[in-house]
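The structure appears right after this line, and notes come after that.
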Amino acid sequence: MKNGFRRVMPRAWQGLGVSAGAVLAAYAVSPYLALWDIDRAMSGNNPSRLAPHVDWASLSHCLKEQFTPAAPADDDLPGFGSSFAGQVVSNAIDTHLTPATLMTTAHQVMPHSAPTASWLGMWHSMHAHFVSAGKFEASLDQPGQTPFVLHMKFEHWGWKITRFEMPAPAHAA
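For the sequence shown, position 133 matches number 335 in the numbering used here, and the numbering has no gaps at all.
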């Protein structure tokens, strides 16, 4: 009985190691598959395919932070104009942020490339990496501008877009 147990245990550990390796490999590839699916949704102009890849609460919060006017110093009261503008921006994001508007905006921001060179050109100008175990970042270089940066987080067994950084004109160094 003791010899049979010793023969089975190495196989069990080997099977456990192979299973753990397969899970880690699938996890390491999964954000790239999510980016591929997002790209397919964008190129196919399919908002319903894009929607599951977006954490809408995080994205709307990020957009409000980016586009709301800066708060005044602690001792000053905000002017009516800046307070009103902040509320208008916040309300516009709450009411108009949909998969279709996000896709339209992305088409306007992203560079237009020739269809034959799109895959090759995109992969040479794209940099993607894990920031931490549950966060992933992809940046797309744009000529004459800062890169477009897409931040994703692993939640609910999938990668979701939580925020992005819009390209801006690059400053001359």
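Cβ atoms here follow ideal geometry from the backbone N, Cα and C, with glycine treated the same way. Note that this is a predicted model, so its numbers are computed, not measured.
Simplified DSSP assignment, three categories, for residue i
i, result
"HIS358", "coil"
"MET305", "helix"
"ASP343", "strand"
"ARG213", "helix"
"THR297", "helix"
"ALA227", "helix"
"HIS373", "coil"
"MET368", "coil"
"ALA236", "helix"
"ALA222", "helix"
"ALA335", "coil"
Neighbour-count burial assignment, residue i, 16 or more Cβ in a 10 Å radius
i, result
"PRO317", "Because PRO317 carries a pLDDT of 45, less than 50, the predicted location of this residue cannot be relied on, and no value is offered for it."
"ALA340", "buried"
"MET211", "exposed"
"ASP296", "exposed"
"PRO345", "exposed"
"ALA259", "exposed"
"PRO233", "buried"
"HIS309", "exposed"
"ALA294", "exposed"
"LEU352", "buried"
"ALA243", "buried"
Pairwise C-alpha distance: residue j and residue i
i, j, result
"PRO369", "SER327", "14 Å"
"TRP361", "VAL333", "13 Å"
"HIS262", "THR307", "Reading off the sequence, residue 262 comes out as Ser, not His. Distance between the alpha carbons of SER262 and THR307 is about 14 Å."
"VAL256", "ILE363", "5 Å"
"HIS373", "ALA214", "58 Å"
"GLN216", "ALA227", "16 Å"
"SER221", "GLN289", "51 Å"
"LEU299", "GLN268", "14 Å"
"ALA224", "ALA330", "21 Å"
"LEU342", "SER292", "27 Å"
"GLU357", "LEU218", "25 Å"
Nearest-angstrom Cβ-Cβ length linking residue i and residue j, presumed shorter than 8 Å
i, j, result
"PHE350", "PHE338", "No, PHE350 and PHE338 are not in contact; Cβ-Cβ is about 15 Å, not under 8 Å."
"ALA236", "MET354", "7 Å"
**OP:** Inspect the CB distances between the stretch 243-253 and the stretch 292-305 and report whether three or more fall short of 8 Å.
**Re:** Result yes; three or more Cβ-Cβ pairs closer than 8 Å.
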